[in-house]
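In what follows, a structure is listed as structure tokens, so that the remarks can point back to it.
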Amino acid sequence: MGFVYGLAAMGLTLIWGVMEVINLAHGPVIALGMFGTYLLFTHLGLNPYAALIPVAGMGLILGLIIYVIAVHRVINAPPLSSLLSTFAVNMIIIGVCTAIFSTSPQNINYSLGSLGVAFLTINYSRLIGAAGAVLVTAGLYLFLYVTRPGKAIRAVSNNRDAAELMGIPSAKMLALSFGLGTMLAAVAGGLISTFFPFTILSGSPYELKSFVICVLGGLGNPLGALLGGLILGLLEGFIPVFMPVSWVPVFEFGLFVLVLLVRPTGLMGAD
Amino acid sequence: MDFWKRPGFWFPLLIVLVWGAVVLVVHQALMRETAFILLMAVALASSLNILLGYTGYVSFGHIVFFGLGGYMGFYLLSVQGWSLIPAAICGGLLSAVVAGLVGSAVLRLRGAYFALATIGINEAARAFVSNFGPFGGPIGLSINFSAYQRYGGAGEALWMTFILLWILTMIILVVSYLVKNSRFGLGLLAIREDEDAAMVMGVKAPRAKNITFMISAFFPGVIGTLYFFKNGNLEPGDAFQLTMSIEMLVMVMLGGMGTILGPMVGAVGYQWLRGYLLTTPVFKDLHVAVAGVILLLIILFVPAGFIGWVRDNFRRFKMVLE
Numbered sequence: 000m001g002f003v004y005g006l007a008a009m010g011l012t013l014i015w016g017v018m019e020v021i022n023l024a025h026g027p028v029i030a031l032g033m034f035g036t037y038l039l040f041t042h043l044g045l046n047p048y049a050a051l052i053p054v055a056g057m058g059l060i061l062g063l064i065i066y067v068i069a070v071h072r073v074i075n076a077p078p079l080s081s082l083l084s085t086f087a088v089n090m091i092i093i094g095v096c097t098a099i100f101s102t103s104p105q106n107i108n109y110s111l112g113s114l115g116v117a118f119l120t121i122n123y124s125r126l127i128g129a130a131g132a133v134l135v136t137a138g139l140y141l142f143l144y145v146t147r148p149g150k151a152i153r154a155v156s157n158n159r160d161a162a163e164l165m166g167i168p169s170a171k172m173l174a175l176s177f178g179l180g181t182m183l184a185a186v187a188g189g190l191i192s193t194f195f196p197f198t199i200l201s202g203s204p205y206e207l208k209s210f211v212i213c214v215l216g217g218l219g220n221p222l223g224a225l226l227g228g229l230i231l232g233l234l235e236g237f238i239p240v241f242m243p244v245s246w247v248p249v250f251e252f253g254l255f256v257l258v259l260l261v262r263p264t265g266l267m268g269a270d
Numbered sequence: 000m001d002f003w004k005r006p007g008f009w010f011p012l013l014i015v016l017v018w019g020a021v022v023l024v025v026h027q028a029l030m031r032e033t034a035f036i037l038l039m040a041v042a043l044a045s046s047l048n049i050l051l052g053y054t055g056y057v058s059f060g061h062i063v064f065f066g067l068g069g070y071m072g073f074y075l076l077s078v079q080g081w082s083l084i085p086a087a088i089c090g091g092l093l094s095a096v097v098a099g100l101v102g103s104a105v106l107r108l109r110g111a112y113f114a115l116a117t118i119g120i121n122e123a124a125r126a127f128v129s130n131f132g133p134f135g136g137p138i139g140l141s142i143n144f145s146a147y148q149r150y151g152g153a154g155e156a157l158w159m160t161f162i163l164l165w166i167l168t169m170i171i172l173v174v175s176y177l178v179k180n181s182r183f184g185l186g187l188l189a190i191r192e193d194e195d196a197a198m199v200m201g202v203k204a205p206r207a208k209n210i211t212f213m214i215s216a217f218f219p220g221v222i223g224t225l226y227f228f229k230n231g232n233l234e235p236g237d238a239f240q241l242t243m244s245i246e247m248l249v250m251v252m253l254g255g256m257g258t259i260l261g262p263m264v265g266a267v268g269y270q271w272l273r274g275y276l277l278t279t280p281v282f283k284d285l286h287v288a289v290a291g292v293i294l295l296l297i298i299l300f301v302p303a304g305f306i307g308w309v310r311d312n313f314r315r316f317k318m319v320l321e
């Protein structure tokens, strides 16, 4: 579970790291990923895991569209503007989708059975979810560190003006990284949809968790996001041993505020 | 005192005064309900504006003070049997104290980090209250109907709540004017422009920010008590709605932040628009989406908000609007 949280947070952290924009449209995009997988599965009979690929593609395109319409103009404005403009996108997506899908819960009825190891029972779908998250992280790392556009994105996030002087089209790179961020969110949504039922509104808890994770791992650090996701997953697993489950969010958000105060760069961040 | 030369200040006050008076004279329940919702929006937006507009700190979870104050006041009302006014003030005070404690830590963060931290505080408070026994946990609290008897029955109690909110809204407007036009307020505006420069110039930024945060948290706490007293019950989900918090920001943005008239125009405009979209058959299902589109257009093209736009484009108003 922690790995998938990490994946969802990675999209957010990438966008923050590159352009210092907190993407409040993150939750609805996760939900769209869930619905995309659901629609492909029920109407085209596609295997939910195969459906992740077109969902990822659509996520990328959606991200590019959101960037061009809503983010590009406010990228240099004070944080409030970009917060509100992405929130406006959030409202638009939720509004349209509520009208289309209504808010009744949907479910992908696709079970892979479960694996019994000694006294533990692990769902295969969760195992694959975790593996998928690790795979995507590795892919993202390769992309950012090996390929040319990946290097360009890192250059832009380091120093936009200098990158511009070196001949990197920074606007395109920003758009690309926004697209990648939403793509990751959509894939995470697709993976989540294979083990939980969902509605169009169910993206927002993951969005809030993503904030916590990003801060834990250091805003702008994809590997940190995966680690933060794991920490959160572990917390959710262990706290119920000592006290009622409903106390978990108190600890999560308490930890979140604490980390922000003590180490705003996150547990792994050095810069 | 060049009071009358400042229509940007007394004009909003006058509107609220006349508006409330008209509602009281007409004495119609439907009209009162409409006015209550609008006044509540105005009051919340104006109190957020004290922090957001003057210091530029974006509190994304400001509704936490509405919820906490509401809970405290409601608890005193329903469980301890206090009467409304002291309970509401206690609710406000609790909010202010919490803001003071939290603020002394969180206000060190700047920009987006502060915004994120306030979201975290709101969620933590919601989760805490859902588990806190005396506040009823996830079920929440509800008021015993007999509590209304003290005010001459439920009907009269609702009128009294309205009058209190009306007075409170005017107090908020006066406070935001006083803050803006004092030495203290000038310090805040300096913080908004450049915090480090302001500190070099001798503005005690941490203390000033903290006091502002407390002022801006006190009023939502009082409003929370009034609102939940009127409703008769409260639940964690209602009290700490993140959307409502963002709606407050939208109202301030719509009208123009840092002005006194702005949040009022924004709040009334937003609520009117919402009401209109909800009741129009074409937009009924899409009202959230349409509101989103309008919000997006405003942020992209009129970032200064309505009042800011008028002030920048019509010279005659430039001197008049605060």
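Taken in sequence, the protein lines are chains P and Z.
Heads up: the first sequence begins at 0 in numbering that gives the first Met the number 0, then just goes up one per residue.
Heads up: the second sequence begins at 0 in numbering that gives the first Met the number 0, then just goes up one per residue.
Ideal Cβ placement from N, Cα and C applies to all residues, glycine included.
Does residue i come within less than 8 Å of chain P when only Cβ atoms are used?
i, result
"VAL249 of chain Z", "yes"
"SER94 of chain Z", "no"
"ILE245 of chain Z", "yes"
"ASN232 of chain Z", "no"
"PHE8 of chain Z", "no"
"GLY274 of chain Z", "no"
"TYR176 of chain Z", "no"
"SER45 of chain Z", "no"
"LEU16 of chain Z", "no"
"VAL292 of chain Z", "yes"
"ALA114 of chain Z", "yes"
"LEU108 of chain Z", "yes"
"ALA104 of chain Z", "yes"
With 8 Å set as the bound, which would you pick, yes or no: does the beta-carbon of residue i sit closer than that to a beta-carbon of chain Z?
i, result
"SER176 of chain P", "no"
"GLY94 of chain P", "yes"
"LEU222 of chain P", "no"
"ARG147 of chain P", "no"
"SER192 of chain P", "no"
"ALA30 of chain P", "no"
"ILE91 of chain P", "yes"
Which chain Z residues sit within Cβ distance under 9 Å of residue i?
i, result
"MET18 of chain P", "Here the premise fails: no neighbours, minimum Cβ distance about 11 Å."
Please state whether DSSP places residue i in a helix, a strand or coil.
i, result
"PHE177 of chain P", "helix"
"PHE239 of chain Z", "coil"
"ASN232 of chain Z", "strand"
"PHE131 of chain Z", "coil"
"PHE2 of chain P", "helix"
"PRO302 of chain Z", "coil"
"SER141 of chain Z", "strand"
"PHE197 of chain P", "strand"
"LYS203 of chain Z", "coil"
"ARG182 of chain Z", "helix"
"ILE14 of chain P", "helix"
"PHE8 of chain Z", "helix"
"GLY253 of chain P", "helix"
"PHE161 of chain Z", "helix"
"PHE59 of chain Z", "coil"
"GLN270 of chain Z", "helix"
For residue i, return the contacting residues in chain P, with the cut-off set at a CB-CB distance below 7 Å.
i, result
"VAL120 of chain Z", "The identity of residue 120 of chain Z in the sequence shown is Ile, whereas the question assumes Val. Those are VAL256, listed as they occur along chain P."
"MET252 of chain Z", "LEU83"
"ALA126 of chain Z", "PRO248, VAL249, PHE252"
"SER129 of chain Z", "SER245"
Could you name the residues of chain Z that residue i contacts, counting a contact when the two beta carbons are closer than 7 Å?
i, result
"TYR253 of chain P", "A small fix is needed here, since residue 253 of chain P is Gly in this sequence, not Tyr. Those are ALA123, listed as they occur along chain Z."
"ARG72 of chain P", "LEU299"
Less than 8 Å between the C-beta atoms of residue i and residue j, yes or no?
i, j, result
"SER94 of chain Z", "GLY220 of chain Z", "yes"
"MET18 of chain P", "ILE68 of chain P", "no"
"MET252 of chain Z", "LEU31 of chain P", "no"
"LEU139 of chain P", "MET57 of chain P", "no"
"HIS61 of chain Z", "LEU75 of chain Z", "no"
"GLU34 of chain Z", "GLY265 of chain Z", "Correcting the residue type first, residue 34 of chain Z is Ala in the shown sequence and not Glu. Not closer than 8 Å, so no."
"ASN89 of chain P", "LEU6 of chain P", "no"
"ILE21 of chain P", "ALA114 of chain Z", "yes"
Which chain P residues sit within Cβ distance under 9 Å of residue i?
i, result
"TYR269 of chain Z", "The contacting residues do not exist; TYR269 of chain Z stays about 12 Å from chain P at best."
"PHE64 of chain Z", "Those do not exist, as PHE64 of chain Z stays about 16 Å from chain P at its closest Cβ, beyond 9 Å."
"SER326 of chain Z", "In this structure chain Z extends from 0 to 321, so residue 326 of chain Z is not present and cannot be described."
So residue i contacts chain Z; which residues on that side make the cut at Cβ distance below 8 Å?
i, result
"ILE127 of chain P", "Near ILE127 of chain P there are no residues of chain Z at all, since even the closest Cβ is about 30 Å away, more than 8 Å."
"ALA69 of chain P", "LEU295, LEU299"
Using a Cβ cut-off of 8 Å, pull out every chain P residue sitting near residue i, in sequence order please.
i, result
"ALA156 of chain Z", "Correct list: empty, because the minimum Cβ distance to chain P is about 33 Å."
Exposed or buried, what is residue i when buried is set at 16 or more other beta-carbons lying within 10 Å of its beta-carbon?
i, result
"GLN270 of chain Z", "buried"
"GLY236 of chain Z", "exposed"
"LYS203 of chain Z", "exposed"
If we cut at 8 Å on Cβ distances, does residue i have a partner in chain B?
i, result
"MET172 of chain P", "Of the protein chains in this structure, namely P and Z, none is chain B."
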